[in-house]
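Reading the sequence shown from the start, the letters are residues 1 to 422 in full-length UniProt numbering.
Before any comments, here is the structure.
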Amino acid sequence: MGFKNQTIVVCTPESPPMTNFEKRFSNSTVIINGMTFDLLNILASKLEFRFYTKDSDDGNWGAPVPNQPYFNGCVGELQRGLVTIAAGPFTRTTTRDSVIDYSTPLFQESNGILLPRPPPASKMWNVYLPFNYDVWISVIVLLFICSFITWILAYFSPFTAYNLKEEYAIADEVWFQEYVWSVVGSFLQQGQDFYPFAMSPRTILAFWWMFTVIIYGAYTGDLTAHLTVTITDYPIKTLSDLVSQTAIKPYVPAGTNLYTLFKESNSGVYKQVADVMVDLGPYDYCPDSVVRQERACLNDYTYLLAIAMKNCTQYYLAEETFNTATVAFMYPDDAYFAEYFDFYMQKLLETGLMQRLFKIYWSSDIVCTVGKSTEANSINFKGVEGCFIVTGCLYGVGLILLLLELAWTKLAKKQPLDCVIY
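What follows is the structure in structure tokens.
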């Protein structure tokens with residue numbers, strides 16, 4: 001069946017995340033990873049063959065060469081019998097289809113434009129974003145700490161109405177659970193059912209109210225910033241927008257289907273792009289992490305999408321996609337093994353495995369989302385730690401007041417009601 005127990009040669013140009021080169025040797029042999037590698041491994045296990053991968057000798061994908069019978073890139077190597085198949089996101093075109101065969105399509109593809117700076121995007125949980133998780137946790141913990149300290153001061157203070165056995169005293173004044181609900185109620189701005197009579201627990205509650213006002217002010221201000229999205233109207237959204245200005249040049253990789261599309265156009269916006277575009281060599285990249293300049297990268301949508309998702313603070317995808325076509329592997333014309341490959345490729349599509357692989361390599365769960373809104377940063381613990389420190393100091397003041405109350409009654413042997421501040 002096919003080439004059982006044989007070793008085949010696979011031509012696969014680099015196109016992350018579909019095909020990532022881990023290492024490229026001088027003889028064009030490459031070690032790869034990515035979705036292409038996963039698909040080849042699955043097919044190899046089904047059809048029982050071995051394979052090794054190589055880049056095209058000239059670094060191109062496959063485009064016609066003027067006055068030559070063979071294409072350049074992987075297409076030309078298939079024509080000359082130098083490789084068995086070409087694997088990767090090869091766009092199906094009429095020109096290529098005239099000299100080679102395509103496999104069952106992997107997925108639908110279109111070309112797009114990648115530009116500097118991201119567009120805005122909303123977030124589902126913005127209402128909780130004003131504070132980082134550590135601040136939320138600290139506030140919740142502080143609710144119980146404040147309740148506990150206030151209760152301790154009220155319980156042991158000789159100046160508490162309950163300890164003085166006043167007629168108006170209530171047991172709530174020395175019950176811990178009542179202080180929990182009082183602190184929670186005041187934090188949620190719902191008021192309190194009672195107030196302690198002694199000065200020491202009242203001091204703690206007074207500064208808890210001040211803490212609540214500060215926290216509410218910081219939260220409300222930052223929440224407003226998070227929910228207010230600034231929409232930036234980017235000037236370049238389509239190919240027409242791109243060719244109507246001169247500040248940003250379009251960069252197109254030579255030897256690709258897209259490059260051929262522009263070069264062979266005689267009129268319209270494609271012709272206008274061809275007149276101003278900058279050719280990228282086989283091992284030139286757009287965007288380039290070394291060359292820091294604004295440029296428009298025109299390439300396969302899946303390739304650009306991966307870049308935009310991983311660098312959403314630097315680039316955005318223009319609205320227009322164009323030259324829609326299917327993407328597939330390539331075989332030599334009338335290859336005898338084509339039906340076996342296509343059978344298992346179709347199975348991968350029908351079982352949903354192809355879609356699962358796509359979601360793995362283009363998942364927004366492991367990278368930042370495409371685009372970014374203009375909004376405030378979340379307040380982290382360092383941004384409010386001063387408030388917590390002041391609150392802790394004021395708890396110390398409350399403890400000092402309790403010691404003074406105990407000294408008044410135990411050491412001075414005086415009655416609580418004799419103190420002029422009560």
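Just so it is clear, CB atoms sit at the ideal spot from N, CA and C, and this is done for glycine as well.
Under 8 Å between C-beta atoms of residue 154 and residue 174: Sequence index remark: in the sequence shown, residue 154 carries index 154 (1-based). Sequence index remark: in the sequence shown, residue 174 carries index 174 (1-based). Yes, Cβ-Cβ distance for residue 154 and residue 174 is below 8 Å.
Three CB pairs or more closer than 8 Å across the region 306 to 324 and the region 51 to 59: Contact fails: fewer than three Cβ-Cβ distances are below 8 Å.
Residue 18 in three-state terms, based on DSSP: For the purposes of this step, residue 18 is taken as residue 18 along the sequence shown, with counting starting at 1. Correct three-state label for residue 18: coil.
Nearest neighbour of residue 29, chosen from 17, 58, 350, 265 [CA to CA]: To locate residue 29, count along the sequence shown from 1; it is residue 29. 58 is the residue among 17, 58, 350, 265 whose C-alpha sits nearest the C-alpha of residue 29.
Length of the line joining the Cα atoms of residue 17 and residue 39: Counting from 1 along the sequence shown, the entry for residue 17 is found at position 17. Counting from 1 along the sequence shown, the entry for residue 39 is found at position 39. Straight-line spacing of the CA atoms in residue 17 and residue 39 works out to 13 Å.
Meets three-Cβ-pair contact criterion under 8 Å: the region 303 to 311 and the region 260 to 279: Between the region 303 to 311 and the region 260 to 279 there are fewer than three inter-stretch CB-CB distances shorter than 8 Å, so the stretches are not counted as touching.
Residue 88 in three-state terms, based on DSSP: The sequence position of residue 88 within the sequence shown is 88, counting from 1. In this structure, residue 88 counts as strand in the three-state DSSP scheme.
Candidates 190, 197, 187: closest to residue 172 by CA position: For this step, residue 172 is matched to residue 172 along the sequence shown. Minimum Cα-Cα distance from residue 172 among the listed residues 190, 197, 187 corresponds to 197.
Three-state class that DSSP yields for residue 195 in the structure shown: In the sequence shown, the residue the question calls residue 195 occupies position 195. Three-state DSSP puts residue 195 in coil, outside helix and strand.
Completely contained beta strand (DSSP E) runs for the region 20 to 100, where each covers 3 or more residues: Annotation: the region 20 to 100 contains the following complete segments of the beta strand (DSSP E) (minimum length 3 residues), in chain order: 20 to 24, 29 to 33, 50 to 54, 85 to 91.
Beta-carbon proximity check, residue 358 vs residue 90, cutoff 8 Å: Taking the first residue of the sequence shown as 1, we reach residue 358 at position 358. Taking the first residue of the sequence shown as 1, we reach residue 90 at position 90. No. Outside cutoff.
Inter-residue spacing [alpha-carbon to alpha-carbon] between residue 406 and residue 225: Within the sequence shown, residue 406 is the residue found at index 406, counting from 1. Within the sequence shown, residue 225 is the residue found at index 225, counting from 1. Counting only the Cα atoms, residue 225 lies some 49 Å from residue 406.
Cα-Cα separation, residue 208 to residue 162: Sequence index remark: in the sequence shown, residue 208 carries index 208 (1-based). Sequence index remark: in the sequence shown, residue 162 carries index 162 (1-based). Looking at the two C-alpha atoms, the distance is approximately 22 Å.
Residues near residue 368 by beta carbon distance below 6 Å, same chain, minus five either side: To locate residue 368, count along the sequence shown from 1; it is residue 368. Confidence at residue 368 is low in this model, with a pLDDT of 47, below 50, so its placement is unreliable and no value can be given for it.
Rounded C-alpha distance that separates residue 74 from residue 361: Locating residue 74 in the sequence shown gives position 74, where the first residue counts as 1. Locating residue 361 in the sequence shown gives position 361, where the first residue counts as 1. Taking the straight line joining both Cα atoms gives about 24 Å.
Local conformation of residue 106 per DSSP, three classes: Here the question's residue 106 lines up with position 106 in the sequence shown. Of the three classes helix, strand and coil, the one that applies to residue 106 here is coil, per DSSP.
Alpha-carbon spacing of residue 9 relative to residue 275, whole angstroms: Here residue 9 is taken as the residue at index 9 of the sequence shown, counted from 1. Here residue 275 is taken as the residue at index 275 of the sequence shown, counted from 1. C-alpha separation (whole angstroms): 38 Å.
Candidates 218, 200, 210, of which the one nearest residue 136 by Cα: Within the sequence shown, numbered from 1, the residue matching residue 136 stands at position 136. Answer by Cα proximity: 218.
Beta-carbon proximity list for residue 401, same chain, < 7 Å, skipping 5 on both sides: The residue you call residue 401 lines up with position 401 of the sequence shown. For residue 401, where only same-chain residues beyond five positions count, the Cβ hits under 7 Å are 199, 200, 203.
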